[in-house]
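Read through the structure below, which is laid out as structure tokens, and then see the notes.
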Amino acid sequence: MFDKVRVRFAPSPTGGLHLGGVRTVLFNYLYAKKYNGDFIVRIEDTDQGRFVEGAEKYIFNCLDWCGLVPDESIFHGGPYAPYRQSERKAIYRQYAEQLLKKGNAYYAFDTTAELEFMRERLKSEGSNSLQYDHRIRMSMNNSLRLSAEETKGLLDAGTPYVIRIKVNPGEPVSFTDMIRGDMEFDTNNVDDKVLLKADGMPTYHLAVVVDDYLMKISHAFRGEEWLPSAPVHILLWKYLFGLDQMPQWAHLPLILKPDGNGKLSKRDGDRLGFPVYAMDWTDPITNDITKGFKELGFLPEAFINLLAVLGWNDGTEQEIFSLEELIDKFSIERVHKGGAKFDFEKAKWFNHEWIKKLGIGHYEGRVKEIFEKNGIRIADDQYLHKVMGLIKERCVLLPDFYTQGVLFFEAPNAYDEVSVKPKWNDDKKSYFNDIIELFEHLEAWDAVAIEEAFKLLASQKNIKAGELQMIFRVMLVGGKTGPAQFVIAETIGKAETIKRVRNALEVFG
RNA sequence: GGCGCGUUGGUCAAGGGGUUAAGACGCCUCCCUUUCACGGAGGAAUCACGGGUUCGAAUCCCGUACGUGCUACCA
17 MFDKVRVRFA PSPTGGLHLG GVRTVLFNYL YAKKYNGDFI VRIEDTDQGR
67 FVEGAEKYIF NCLDWCGLVP DESIFHGGPY APYRQSERKA IYRQYAEQLL
117 KKGNAYYAFD TTAELEFMRE RLKSEGSNSL QYDHRIRMSM NNSLRLSAEE
167 TKGLLDAGTP YVIRIKVNPG EPVSFTDMIR GDMEFDTNNV DDKVLLKADG
217 MPTYHLAVVV DDYLMKISHA FRGEEWLPSA PVHILLWKYL FGLDQMPQWA
267 HLPLILKPDG NGKLSKRDGD RLGFPVYAMD WTDPITNDIT KGFKELGFLP
317 EAFINLLAVL GWNDGTEQEI FSLEELIDKF SIERVHKGGA KFDFEKAKWF
367 NHEWIKKLGI GHYEGRVKEI FEKNGIRIAD DQYLHKVMGL IKERCVLLPD
417 FYTQGVLFFE APNAYDEVSV KPKWNDDKKS YFNDIIELFE HLEAWDAVAI
467 EEAFKLLASQ KNIKAGELQM IFRVMLVGGK TGPAQFVIAE TIGKAETIKR
517 VRNALEVFG
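Just so you know, we're using the numbering used here here: the first sequence kicks off at 17 and counts up by one.
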């Protein structure tokens, strides 16, 4: 039926790109690439009222950062252009008219007020259904109830109208969802959805079906929130192109907020202190910035990984997957049916793992930027590289390289005196005065040699080396943190080590 | 309210009639290290509930509860 796997991601350019959105892209992408298929990005901007400046470009930046490169899109071109629905407006009308002609759709002239009135009436009658459907359409202002002349008259007079699908009650609708299995719907409670709006733009329902057909989409994976309107799409496929042309569906589970219940939203992230968007999003009107995973210091490899295993696993104990491995191992059938709560702690764990796993070169540039943003000029890239190697296993997010690594660039300006004071005495003071001299004459300046000299002097002076080491550490970095103190000394160099010991000596008295 | 979808530790989850019900995150204890982290060894903690079916149910069926999604000329 389809000679090639073709999937699409169809975002609306209305703001930041949500975690759930990225995961939807990811699952589509993985499936397509697994079968050497195409990944298409189509912009669903049929609601001009919600259009947000800059959102399009932003979405592609996010995809780019994630490494999920489209084969066809508004920016990548392709044989089925245009890929922006607002530019395809005329196409949809054609199909709406075809539906009209076949009797599967009708004109509706009801005003907003009339629709509201209808719902009020239904509510007061105690009806369970407030929908515009077969139960009430013959009492509404549409071409089904009106005579042909009346309809023509309204049309000729330029009366605003929409085109609605005519859903026949009792018509069987079913499809096989690749995740949920066989699905059946009762068209008795499917409403006559608007297909073409008064402004001539299609609604999502018409647009997806038409574009999926025209763009030869073979598999359509989308969020679970679309399940209730799936029967409308199936019907449209049936009326317009035939069910044998329809893509295979899969409805992905939702990503839920970590506390309580409900779909994860931007607000939850703000409230709980973690990002929900892939990258920083600046609202063009309010200029409010919403934090993204990237800017918080996530690696794209980790971001992709954590999203992939939220609702999917390969059945083994493996948790760390590269994009290539995911393409190899992904199977849509193994995606869960139930939603998953997002756990930021686990998300950070993935990033930690990827920082350790990846070569420093993968993120060195970003770390350098972070240092410079914090006012530390990196004159020597080699040195930064070396420092990063020393601290990478203790960094969870990229900015941790700064907090863990500043000590290699700047002497401490405060000391953990609470730890040092109880152990500080004249013997120790003289020890450190002597060690300075010893260091100055040390030939080889490496961790092993430094440690040997350090311990030798300790035993000569009959002081426990352990206590001295702690103090030495505080002298070098200000607190009880960081890698092995002799390694620090080696790295910052002889002159700097001596300088820091001298400084500390003055403070400790 | 109606309709849909779902429900294995706190979280992610394996498992699909017979298991001591994996593993991971987080938490706790210990070891390593006189720092922190990494690493290692342990620990606490689970099949929503009620009925069936069956020799046997986390697994199959039916209810109930709970959650969630949709119910727009938004996607």
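The beta carbon of each residue, even a glycine, is placed where N, CA and C say it ideally should be.
Note that this is a predicted model, so its numbers are computed, not measured.
Which residue marks the beginning of the beta strand (DSSP E) containing residue 56, and which one marks its end? Looking at the DSSP string, the run of the beta strand (DSSP E) that includes residue 56 is 54-57.
Nearest CA to the CA of residue 393: which residue from 170, 426, 135 and 133? The residue with the shortest Cα to Cα distance from residue 393 is 426.
Which term fits residue 154, buried or exposed, when burial requires 16 or more other beta carbons within 10 angstroms of its beta carbon? It counts as exposed.
Taking 7 Å as the limit between beta carbons, can you name the residues of its chain near residue 386, skipping five residues before and five after? 414, 415, 417 and 418
On a CA-only basis, which of 179, 230 and 200 is nearest residue 213? Give me that one, please. 179
With burial defined as no fewer than 16 other Cβ atoms inside 10 Å of the residue's Cβ, what is the status of residue 307: buried or exposed? buried
Evaluate residue 434 with the Cβ neighbour count: other Cβ atoms within 10 Å of its Cβ, from every protein chain shown; 16 or more gives buried, anything less gives exposed. exposed
Hey, which unbroken runs of the alpha helix (DSSP H) at 4 residues or more fall wholly within the segment 155-195? 164-172
Please report the residue range of the alpha helix (DSSP H) in which residue 361 lies. 360-373
In angstroms with no decimal places, state the Cα-to-Cα distance between residue 288 and residue 36. 17 Å
Residue 225 burial status per 10 Å Cβ neighbour count (16 or more: buried): buried
DSSP three-state assignment for residue 315, whether helix, strand or coil: coil
Secondary structure of residue 253, DSSP reduced to three states: Residue 253 falls in the helix class under three-state DSSP.
Within 8 Å, strictly: CB atoms of residue 56 and residue 24: Yes.
Could you tell me the boundaries of the beta strand (DSSP E) in which residue 104 lies? Premise fails: residue 104 is in no beta strand (DSSP E) and is neither H nor E.
Applying the 10 Å Cβ sphere with the 16-neighbour rule, what's the burial state of residue 538? There is no way to answer for residue 538, as the model of the chain reaches only from 17 to 525.
Among the residues of its own chain, which have a CB less than 6 Å from the CB of residue 246, if the five just before and after it don't count? none
Taking the straight line between their C-alpha atoms, what separation do you get for residue 79 and residue 293? 12 Å
Whether residue 175 touches residue 125 by CB criterion (8 Å): yes
Excluding five sequence neighbours on each side, which residues of the same chain lie with their C-beta closer than 6 Å to the C-beta of residue 403? 421 and 424
Is the Cβ-Cβ distance between residue 510 and residue 461 less than 8 Å? yes
Threshold first: 3 residues or longer. Then list the beta strand (DSSP E) segments lying entirely within the segment 191-241, N to C. For the segment 191-241, the full-length beta strand (DSSP E) segments reaching 3 residues or more read 197-202, 210-212 and 235-239 along the chain.
Close-in-space but distant-in-sequence residues of the same chain around residue 364 (CB under 8 Å, 5 per side omitted): 412 and 413
Residues near residue 440 by beta carbon distance below 6 Å, same chain, minus five either side: 524
DSSP state of residue 472 mapped onto helix, strand, coil: helix
Nearest neighbour of residue 257, chosen from 75, 232 and 301 [CA to CA]: 232
Contact belief for residue 490 with residue 496 at Cβ below 8 Å, rounded distance in angstroms: 7 Å
Roughly how many angstroms lie between the CA atoms of residue 458 and residue 466, to the nearest whole one? 8 Å
Which residues in the same chain have their Cβ closer than 8 Å to the Cβ of residue 323, if we skip the five residues on either side of it in sequence? 35, 38, 39 and 42
Euclidean distance between Cα positions of residue 249 and residue 321: 32 Å
Test item: CB-CB of residue 112 and residue 121 under 8 Å: yes
Please name the residue, chosen from 358, 137 and 117, that lies closest to residue 327 on a Cα-to-Cα basis. 358
How big is the Cα-Cα spacing for residue 18 and residue 260? 10 Å
Just curious, the alpha helix (DSSP H) that residue 505 is in, first and last residue? Its alpha helix (DSSP H) spans residues 501-508.
Distance CB(residue 470)-CB(residue 487) smaller than 8 Å: no
Using the rule of at least 16 other Cβ atoms within 10 Å of the residue's Cβ for burial, across every protein chain shown, is residue 517 buried or exposed? buried
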